[in-house]
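To keep things clear, I will list the structure first and then write my remarks on it.
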Amino acid sequence: KQKIFESENSENSFMQLTTPRSGLYIRWRRGEIVGEGAYAKVFQCLNIETGELMAVKTFSVICIQIGDNIEKIQKQVNVIKSEIRVLRKLSHSNIIKYYQADLSDDMKLINILLEYVPGGSLKSLIFKYKTLEIPVIRNYGKQLLIGLNYLHENKIIHRDLKPSNLLLNKNCDLKICDLGLARGYSDGQDENLTEYVVTRWYRAPEVILNASHYTKALDIWGVGCVFAEVIGRSPLFPGEDYLDQVPRII
Numbered sequence: 014k015q016k017i018f019e020s021e022n023s024e025n026s027f028m029q030l031t032t033p034r035s036g037l038y039i040r041w042r043r044g045e046i047v048g049e050g051a052y053a054k055v056f057q058c059l060n061i062e063t064g065e066l067m068a069v070k071t072f073s074v075i076c077i078q079i080g081d082n083i084e085k086i087q088k089q090v091n092v093i094k095s096e097i098r099v100l101r102k103l104s105h106s107n108i109i110k111y112y113q114a115d116l117s118d119d120m121k122l123i124n125i126l127l128e129y130v131p132g133g134s135l136k137s138l139i140f141k142y143k144t145l146e147i148p149v150i151r152n153y154g155k156q157l158l159i160g161l162n163y164l165h166e167n168k169i170i171h172r173d174l175k176p177s178n179l180l181l182n183k184n185c186d187l188k189i190c191d192l193g194l195a196r197g198y199s200d201g202q203d204e205n206l207t208e209y210v211v212t213r214w215y216r217a218p219e220v221i222l223n224a225s226h227y228t229k230a231l232d233i234w235g236v237g238c239v240f241a242e243v244i245g246r247s248p249l250f251p252g253e254d255y256l257d258q259v260p261r262i263i
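In this text, residue positions in the sequence shown follow the working numbering: the first is 14, and each later residue adds one.
If you want it as structure tokens, here you go:
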């Protein structure tokens with residue numbers, strides 16, 4: 014199992030990435046679940062020493078292994094490593110804050126300790142309150158573009174912008190999260206550059222058509238889809254499958 018977390022390049026090994034960002038290890042205790050995805054669960058947690066509420070994104074390597082081959086497991090671990098690698102480099106009010114990553118002693122759990130954003134996602138806001146006033150939409154749109162501009166200035170493409178990846182707090186601050194698919198402009202090409210990027214409804218045409226190269230314009234398309242959904246209260250291009258997605262855009 015340990016080979017899953019190792020890499021020929023020591024800078025990319027999981028063990029190297031688990032060094033706390035501040036240099037000081039945070040002792041924390043897990044609380045209630047606040048979100049769940051295909052491979053990860055997000056829990057509220059408590060900094061034992063300061064009392065600060067945080068969030069912990071937990072991946073179970075055991076769950077990933079059920080019914081999966083080693084290549085698929087390695088692929089998912091690489092996504093986790095990529096998210097940590099990107100988050101460690103970033104510091105901006107509109108980007109989710111990263112603290113540290115842990116690997117449990119038995120190597121069954123990977124934990125990413127993050128800023129806790131109690132207001133839920135933009136997706137949940139649309140679902141609960143339906144219509145949003147123009148000043149509110151403008152405020153969230155401005156913050157999303159500011160955060161995205163920061164990513165692009167640091168030569169990072171998010172590649173998975175959608176309402177559920179935009180978190181909101183009680184002060185109406187917007188935080189871009191879930192950077193597992195984010196890549197630097199200069200990263201080498203691999204299988205993740207086409208199919209395994211962006212939830213289908215938010216994919217730019219060049220991704221749908223399997224382009225081998227794309228730019229930060231991919232994210233701008235995502236922004237347009239997000240705010241068309243905010244205004245229209247439903248996804249702009251809800252394709253039922255890959256083949257259905259293209260004619261909906263055209």
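Even glycine gets a Cβ: it sits at the ideal position worked out from N, Cα and C.
- Fewer than three pairs of CB atoms, one per stretch, sit closer than 8 Å, so the segment 150-160 makes no contact with the segment 110-128.
- If only uninterrupted beta strand (DSSP E) runs of at least 3 residues are considered, those enclosed by the segment 90-178 are 111-116 and 122-128.
- Of the residues Val239, Leu256 and Ile263, the one whose Cα lies closest to the Cα of Lys175 is Val239.
- Per the C-alpha coordinates, the member of Ile93, Gly48, Met67 and Gly245 positioned closest to Glu146 is Gly245.
- Secondary structure note for Ile189: its beta strand (DSSP E) is the uninterrupted segment Leu187 to Ile189.
- The beta-carbon separation of Arg196 and Gln258, rounded to 22 Å, does not stay under the 8 Å limit for a contact.
- Secondary structure of Leu231 (DSSP, three-state): helix.
- Of the candidates Trp234, Glu49, Phe72 and Asn152, Trp234 places its Cα closest to the Cα of Ile170.
- Under DSSP, Gly237 shares a beta bridge with no residue.
- A distance of 9 Å or more separates the beta carbons of Lys54 and Ile109.
- For Ile61, there is no enclosing alpha helix (DSSP H), since its DSSP letter is neither H nor E.
- With a cutoff of 9 Å on beta-carbon distance, Ala217 and Leu194 are scored as not near each other.
- Distance from the CA atom of Asn182 to the CA atom of Ser134, rounded to whole angstroms, is 9 Å.
- A distance below 9 Å separates the beta carbons of Tyr163 and Asn107.
- Beta-bridge pairing by DSSP links Ile46 to Phe56.
- DSSP places Arg40 outside both helix and strand once states are collapsed to three, so it counts as coil.
- Within the DSSP bridge table, the entry for Ala195 names no partner.
- Between Asp186 and Ser177, the C-beta gap is not smaller than 9 Å, which leaves the two residues out of contact.
- Annotation: the continuous beta strand (DSSP E) that includes Leu66 extends over Leu66 to Ser73.
- The C-alpha of Asn152 lies about 28 Å from the C-alpha of Ile97.
- Between Val236 and Leu249, the alpha-carbon positions lie close to 12 Å from each other.
- In this structure, Leu100 lies near Tyr111, with their beta-carbon atoms less than 9 Å apart.
- Around the beta carbon of Phe56, a 10 Å sphere encloses 16 or more other beta carbons of the protein chains shown; the residue is thus reported as buried.
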